[in-house]
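Undergrad: One structure is given below, represented as structure tokens, and several questions about it will come after.
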Amino acid sequence: MTDTATVKAALRAQRIETPSWAYGNSGTRFKVFAQEGVPRNAYEKVDDAATVHRFTGVAPSIALHIPWDRVDDYAELTKHAGDAGIRIGAINPNVFQEDDYRLGSVCNPDPIVRRKALDHLLECVEIGATTGSTILSLWFADGTNYPGQDSIRARQDRLAEALEATYAAMPGAMRMLLEYKLFEPSFYTMDVPDWGTSYAHCLQLGDRAQVLVDTGHHAPGTNIEFIVALMLRAGRLGGFHFNSRFYADDDLMVGAADPFQLFRIMHEIVQGGALDPAADVAFMLDQCHNIEPKIPAMIRSVLNVQEATAKALLVDSDALRAAQDSGDVLGANAALMDAFNTDVRPILAELREEMGIDPDPIAAYRRSGHHERLVAERQGGAQAGWGA
Ligand code: LRH
Ligand code: MN
Ligand code: MN
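With the first letter of the sequence shown counted as 1, position 331 gets the number 331 in UniProt numbering; the numbers rise by one all the way through.
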């Protein structure tokens with residue numbers, strides 16, 4: 001049995017990154033609901049991420065999306081983050097929200113559009129260098145809607161070319177994470193639809209190119225933990241975009257739809273030794289809070305990841321291995337289920353007290369009056385940029 005002190009030490013060391021875009025107004029293509037007190041710019045999004053960190057103790061960085069979070073002075077934004085107690089995390093170039101990108105960005109048949117997209121990727125490498133970020137997180141909306149619309153193969157060549165030029169421009173400490181998505185916005189082919197395509201490009205690029213698993217980007221029924229185990233084994237699991245889904249890319253709070261799946265993923269992470277920050281697997285959230293208040297939803301999400309992680313840490317790995325080795329199918333399954341069915345909230349509450357934070361972060365946030373202060377201070381919050 002894993003002892004409590006070891007479990008707590010691992011949980012204390014865990015880092016979960018929150019996305020800037022989760023703090024702004026968002027919605028679907030049907031309606032973006034404006035909420036009160038939402039941030040008006042990147043500085044205020046950083047402030048909200050810092051608030052989530054203050055109440056959880058394990059979320060010390062914020063992912064940026066450029067140009068949604070464009071500022072004049074990234075060094076100043078970095079300092080602002082530092083003063084607020086967090087740092088800038090992954091830089092996400094956005095090459096999907098301009099008319100020029102109708103037929104794609106780096107895979108576009110038009111070399112002028114491809115050049116424009118590449119320039120933006122290179123600009124983001126520079127922003128990463130200025131902000132001290134070590135992750136360039138790439139997702140392309142590129143693809144086609146109709147059979148015959150473009151050459152599937154030529155598009156892969158164009159993609160490889162852009163990735164190579166970007167990779168070559170990255171400073172040595174920076175990693176490139178290549179995110180895949182089965183469909184949407186393209187409905188016939190996506191240029192990076194799955195882990196295999198991402199992995200193939202990463203292998204061509206070099207060690208600092210790794211696969212990013214967004215949990216919402218798979219076909220229903222996909223065994224995500226299998227992908228996680230496989231990529232970890234290959235040393236190519238760069239990180240996650242955690243969220244949850246009932247139907248497609250729903251971007252709901254992680255652990256809300258299927259906490260058992262999240263546990264199974266975290267079990268692979270723990271077994272693979274990848275929880276250790278030295279393993280460099282980035283645990284990032286990628287969610288939108290369309291109808292729920294954003295900061296408490298982010299706090300809830302961080303707690304959900306912690307709970308799944310705690311359960312995974314509680315798996316009796318000696319008993320599991322013994323059962324596996326002796327072909328004891330039911331015993332092996334029971335070792336997992338016993339851990340999953342454990343109520344880990346008391347151990348997490350204890351850990352938080354030891355860390356000097358409130359054992360119940362959501363209640364503490366509610367009591368703090370912070371939300372009311374934000375509503376009074378901030379008028380005319382910005383749209384996340386997403387779901388517009
Ligand atoms: C695409 C995606 C990708 C984007 C983010 C806003 O669906 O998951 O990570 O950058 O959403
Ligand atoms: Mn994502
Ligand atoms: Mn997504």
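Positions of the beta carbon are idealized from the N, C-alpha and C atoms, including for glycine.
1) Counting Cβ pairs, one atom from each stretch, are 3 or more of them under 8 Å apart for the segment 302-309 and the segment 250-269?
2) Tell me the start and end of each unbroken beta strand (DSSP E) in the segment 175-207 that is at least 3 residues and wholly inside, in chain order.
3) Go ahead and pull the three-state DSSP assignment for methionine 355.
4) Short check: CB of cysteine 202 to CB of valine 192, under 8 Å?
5) Taking 7 Å as the cut-off, is the CB of histidine 65 close to at least one heavy atom of ligand 3?
6) What residue from Asn243, Gly272, Asp207, Leu285 has the CA that sits closest to phenylalanine 226's CA?
7) Is it right to say phenylalanine 221 is buried, meaning 16 or more other beta carbons lie within 10 angstroms of its own, or is it exposed?
8) In whole angstroms, give me the CA-to-CA distance for arginine 87 and aspartate 48.
9) Residues in the same chain with beta-carbon distance under 7 Å from lysine 116, minus the five sequence neighbours each way, listed in chain order, please.
10) Do the CB positions of arginine 175 and glycine 238 come within less than 8 Å of each other?
11) State yes or no: is the C-beta of glycine 143 within less than 8 Å of the C-beta of leucine 374?
12) DSSP state of isoleucine 265, grouped into three classes?
13) Go through its chain and collect everything with a Cβ distance to leucine 320's Cβ below 8 Å, but skip five positions before and after it.
14) Are proline 147 and histidine 120 touching if we call contact CB-CB under 8 Å?
15) Mind checking whether the beta-carbon of glutamate 179 lies closer than 7 Å to any heavy atom of ligand 2?
16) Buried or exposed: which applies to arginine 29, given that a residue is buried once 16 or more other Cβ atoms fall within 10 Å of its Cβ?
17) Quick one: complete alpha helix (DSSP H) runs, 4+ long, within the segment 59-110?
18) If you run the structure through DSSP and keep just helix, strand and coil, what is glutamine 35?
19) How many angstroms separate the CA atom of arginine 15 from the CA atom of methionine 355?
20) In its own chain, which residues sit with a C-beta less than 7 Å from the C-beta of isoleucine 362, not counting the 5 before and 5 after it?
21) Would you grab the beta carbon distance between alanine 219 and leucine 182 for me? Rounded to a whole angstrom, and I think it's under 8 Å.
22) Using a Cβ-Cβ cutoff of less than 8 Å, which residues in the same chain neighbour glycine 85 once the five nearest sequence positions on both sides are dropped?
23) For asparagine 290, verify whether its CB is less than 7 Å away from any heavy atom of ligand 1.
24) Please give the ranges of any beta strand (DSSP E) in the segment 111-154, keeping only runs that are unbroken, at least 3 residues long and fully inside the region.
25) Rounded to a whole number of angstroms, what is the C-alpha to C-alpha distance between aspartate 359 and glutamate 164?
26) Could you tell me which residues DSSP pairs with glycine 327 in its beta bridges?
27) Taking Cβ to Cβ, would you say phenylalanine 33 is nearer than 8 Å to asparagine 25?
28) Please list, following the chain, all residues that have a C-beta closer than 5 Å to any non-hydrogen atom of ligand 2.
29) Would you kindly work out how many angstroms separate the C-alpha atoms of glycine 387 and histidine 65, rounded to a whole number?
30) Just to confirm before moving on: does the CB-CB distance between glutamate 179 and histidine 241 stay below 8 Å?
31) Pull up the CB-CB distance for leucine 77 and valine 58, whole angstroms please, since I reckon it's below 8 Å.
32) Who are the Cβ neighbours of tyrosine 199 in its own chain at under 8 Å, not counting the five residues just before and after it?
33) Determine the burial state of alanine 274: buried for a count of at least 16 other Cβ atoms within 10 Å of its Cβ, exposed for fewer.
34) Could you tell me whether any non-hydrogen atom of ligand 3 is closer than 7 Å to the CB of aspartate 69?
TA: Answer, in terms of the structure:
1) yes
2) 175-179
3) coil
4) no
5) no
6) Gly272
7) Per the sequence shown, the amino acid found at residue 221 is glycine instead of phenylalanine. By the neighbour-count rule (16 or more Cβ atoms within 10 Å), glycine 221 is not buried but exposed.
8) 13 Å
9) Asp100
10) yes
11) no
12) helix
13) Ala332, Ala335, Leu336
14) no
15) yes
16) exposed
17) 74-84
18) coil
19) 14 Å
20) Pro296, Ile299, Arg300
21) 6 Å
22) Ala50, His53, Arg54, Pro60
23) no
24) 135-138
25) Residue identity differs from the one stated: residue 359 is proline in this sequence, not aspartate. For proline 359 and glutamate 164, the distance between alpha carbons rounds to 47 Å.
26) None; glycine 327 has no bridge partner.
27) yes
28) Asp214, His241, Asp286
29) Because the pLDDT of glycine 387 is 46, which lies under 50, any placement of that residue in the model is unreliable, and the number read from its coordinates should be weighed accordingly. Their Cα atoms are separated by approximately 14 Å.
30) yes
31) At roughly 22 Å, the Cβ-Cβ gap does not stay under 8 Å, so leucine 77 and valine 58 are not in contact.
32) Val211, Met231, Ala234, Arg236
33) buried
34) no
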